[in-house]
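*Asks:* Handing you this structure, nothing more for now.
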Amino acid sequence: MTVSLPSSAALFEEMLRAERGASENTVQAYRRDLADLAGFLNRRRLAVDHARSADLRAYLAALDTAGMAPRTAARRLSAMRQFYRFLHAEGLREDDPTAVLESPKQGRSLPKVLTEEEVDDLLRAARQRPGPEGVRLVALIEMLYATGLRVIELVSLPLAAAVRDPRMILVRGKGGKERLAPLNQTAREAMQAWVEVRARDHRKATSPFLFPSRSGAGHLTRHRFAQLLKEVAIDAGIDPRKVSPHVLRHAFATHLLNHGADLRSMQQMLGHADISTTQIYTHVLDERLRTIVETHHPLAKQSAE
């Protein structure tokens, strides 16, 4: 049964778009989470606008009973918090029922990361792909690995990003915030090679996007890029389940850290609002060093014997 959301939910979505610059995917995710909550409350003959803290606790308990992962439940709670804070701030209700709710306990999962050798293998396989699509794929992988851009930031880059200072590209990130991302020599050459190929295709040459396509958005979709990455992973002999645009972003950050980059610089390049988000990569490094010690340290070998 489809549950209709109240008019306040539409106002909430307008706020997300106008004030926070939320993408349509983000807005849709909030809508799905609120619709699930509304369905639960509707079965109890309760309106989502007027839910009490006890009602929301009952909803979270139901998610736990159903076996929902703590991380997913925490995301649902985050959507609820944002929605009810909005209602309270707009004077649509006198209190925020989520203020007293505790987040579900969850372990901190480490990001999946490719080794530097696996990234090299991906690029070698991409360079074997013929024609303009191969040139484009090399440019996409080189630029993503050189900058750590979010996939939507990469595929939606304007052509103007390639004609300014070739050492830097201007990126518009979450909330419309702009930042500069440095390009290494290899990435600059791959981007320039694609620009030259792109210019020979009249249909592509007239597009404002660096990576144009026939999609509704006018540029290569992140879904299609993810598909291409998995295809080239198979060519490279890498398990395609290990490879995605986001995994390459993680590889960029982790490999930088391995080579001595500082967290503040990484935070700026990744576009993280809070450095605590960037700090998760220190845990990846710790795990890597721990594995090296356990595998290669002579005392570790003696204890194993």
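Count the sequence shown with our numbering and you get residues 15 to 319, in order. Every residue, glycine too, gets a C-beta built ideally from N, C-alpha and C.
1. I need the boundaries of the beta strand (DSSP E) containing Leu184, first residue and last residue.
2. By the DSSP assignment, the beta strand (DSSP E) with Leu194 in it spans what residues?
3. Could you check what DSSP says for Phe54 in three-state terms: helix, strand or coil?
4. Three-state secondary structure (DSSP) at His273?
5. Return helix, strand or coil for Pro226, following the three-state DSSP convention.
6. Report the option in Arg59, Leu60, Phe100, Ala65 whose CA atom is closest to the CA atom of Tyr44.
7. Buried or exposed: where does Ile248 fall if 16 or more other Cβ atoms within 10 Å of its Cβ makes it buried?
8. Can you give the Cα-Cα distance for Arg46 and Ala267, rounded to whole angstroms?
9. Per DSSP, which one or two residues make a beta bridge with Pro172?
10. Who are the Cβ neighbours of Ala318 in its own chain at under 6 angstroms, not counting the five residues just before and after it?
11. In terms of residue numbering, what span does the alpha helix (DSSP H) encompassing Leu60 cover?
12. Once you ignore the five residues that flank Ala240 on each side, which residues in its own chain have a CB closer than 7 angstroms to its CB?
13. With 8 angstroms set as the bound, which would you pick, yes or no: does the beta-carbon of Leu271 sit closer than that to a beta-carbon of chain C?
14. Looking at the unbroken alpha helix (DSSP H) that takes in His102, where does it start and where does it end?
15. For Ala250, which option in Glu130, Ala36, Ala139 has the closest C-alpha, if you only look at C-alpha atoms?
16. Restricting to Cα atoms, I'd like to know which of Ile155, Leu115, Leu19, Leu271 is closest to Phe54.
17. Shortest alpha-carbon distance to Gln206 belongs to which of Phe223, Gly230, Val177, Ala219?
18. If Phe223 and Leu173 are in contact, beta carbons under 8 angstroms, what's the gap, nearest whole angstrom?
19. How about the segment 146-163 and the segment 188-204: do they share at least three Cβ pairs that are nearer than 8 angstroms?
20. Tell me which residues share the same chain as Pro196 and place their Cβ nearer than 6 angstroms to its Cβ, disregarding the 5 neighbours each side in the sequence.
21. Buried or exposed: where does Arg31 fall if 16 or more other Cβ atoms within 10 Å of its Cβ makes it buried?
22. Is Phe97 closer than 8 angstroms to Leu171 when the C-beta atoms are compared?
23. Report yes if the CB atom of Val41 is closer than 8 angstroms to the CB atom of Leu136, and no otherwise.
24. Which residue wins for smallest C-alpha separation from Asn39, given the options Ala65, Glu130, Asp63, Ile166?
25. Thinking just about the alpha-carbon of each residue, which of Leu48, Arg238, Gly187 is nearest to the one in Ser22?
26. Quick check: the Cα distance between Arg57 and Met82, rounded to an integer number of angstroms?
27. Between the Cα of Val62 and the Cα atoms of Arg107, Gly187, Asp215, Gly148, which residue gives the shortest distance?
*Replies:* On the basis of the coordinates in this document:
1. Here residue 184 refers to the residue found at position 170 when the sequence shown is read from its first residue. Residues 182-186.
2. One-based indexing of the sequence shown puts residue 194 at position 180. First-last of the beta strand (DSSP E) with Leu194: 192-196.
3. The residue given as residue 54 occupies position 40 in the sequence shown. The answer is helix: DSSP assigns Phe54 an H, G or I state.
4. If you number the sequence shown from 1, residue 273 lands on position 259. Here His273 sits in coil by DSSP.
5. For the purposes of this step, residue 226 is taken as residue 212 along the sequence shown, with counting starting at 1. Residue state, collapsed to three classes: strand.
6. Mapped onto the sequence shown, residue 44 falls at position 30. Just measuring C-alpha positions, the residue of Arg59, Leu60, Phe100, Ala65 sitting nearest Tyr44 is Phe100.
7. Position 234 of the sequence shown, counted from the start, is the residue given in the question as residue 248. So Ile248 counts as exposed.
8. As a first step, residue 46 must be located in the sequence shown, where it is residue number 32. As a first step, residue 267 must be located in the sequence shown, where it is residue number 253. Their Cα atoms are separated by approximately 31 angstroms.
9. The residue you call residue 172 lines up with position 158 of the sequence shown. Its beta-bridge partners are Phe223.
10. Position 304 of the sequence shown holds residue 318. Bear in mind that the predicted position of Ala318 carries a pLDDT of just 41, short of 50, making it too unreliable to give a figure here.
11. The residue you call residue 60 lines up with position 46 of the sequence shown. No alpha helix (DSSP H) holds Leu60; DSSP gives it neither H nor E.
12. Working through the sequence shown from its first residue, we reach residue 240 at position 226. Hits under 7 angstroms: Ser258, Pro259.
13. Included in the structure is just one protein chain, with no chain C present.
14. Locating residue 102 in the sequence shown gives position 88, where the first residue counts as 1. 84-103 is the extent of the alpha helix (DSSP H) around His102.
15. Residue numbering aside, residue 250 sits at position 236 when the sequence shown is read from its first letter. Residue nearest to Ala250 within the set Glu130, Ala36, Ala139 is Ala139 (criterion: CA-CA distance).
16. As a working note, residue 54 is residue 40 in the sequence shown. When each option's Cα is compared against that of Phe54, the closest is Leu19.
17. Working through the sequence shown from its first residue, we reach residue 206 at position 192. Answer by Cα proximity: Val177.
18. Taking the first residue of the sequence shown as 1, we reach residue 223 at position 209. Taking the first residue of the sequence shown as 1, we reach residue 173 at position 159. With 8 angstroms as the limit, Phe223 and Leu173 qualify as a contact, their Cβ atoms being about 6 angstroms apart.
19. yes
20. Position 182 of the sequence shown, counting from 1, holds the residue named residue 196. Result list for Pro196: Met182, in chain order.
21. Counting from 1 along the sequence shown, the entry for residue 31 is found at position 17. It is exposed - the Cβ of Arg31 has fewer than 16 other Cβ atoms within 10 Å.
22. Position 157 of the sequence shown, counted from the first residue, corresponds to residue 171. Position 83 of the sequence shown, counted from the first residue, corresponds to residue 97. Their beta carbons are not under 8 angstroms apart, which means Leu171 does not touch Phe97 by this criterion.
23. Here residue 41 refers to the residue found at position 27 of the sequence shown. Here residue 136 refers to the residue found at position 122 of the sequence shown. No, these two residues do not count as a Cβ contact at 8 angstroms.
24. The residue you call residue 39 lines up with position 25 of the sequence shown. Relative to the Cα of Asn39, the nearest Cα in the group Ala65, Glu130, Asp63, Ile166 belongs to Ile166.
25. In the sequence shown, the residue the question calls residue 22 occupies position 8. By alpha-carbon distance to Ser22, the top candidate from Leu48, Arg238, Gly187 is Leu48.
26. Counted from its first residue, the sequence shown places residue 57 at position 43. Counted from its first residue, the sequence shown places residue 82 at position 68. In this structure, the CA atom of Arg57 is about 19 angstroms from the CA atom of Met82.
27. Against the sequence shown, residue 62 aligns to sequence position 48. Selected option, being the one with the closest Cα: Arg107.
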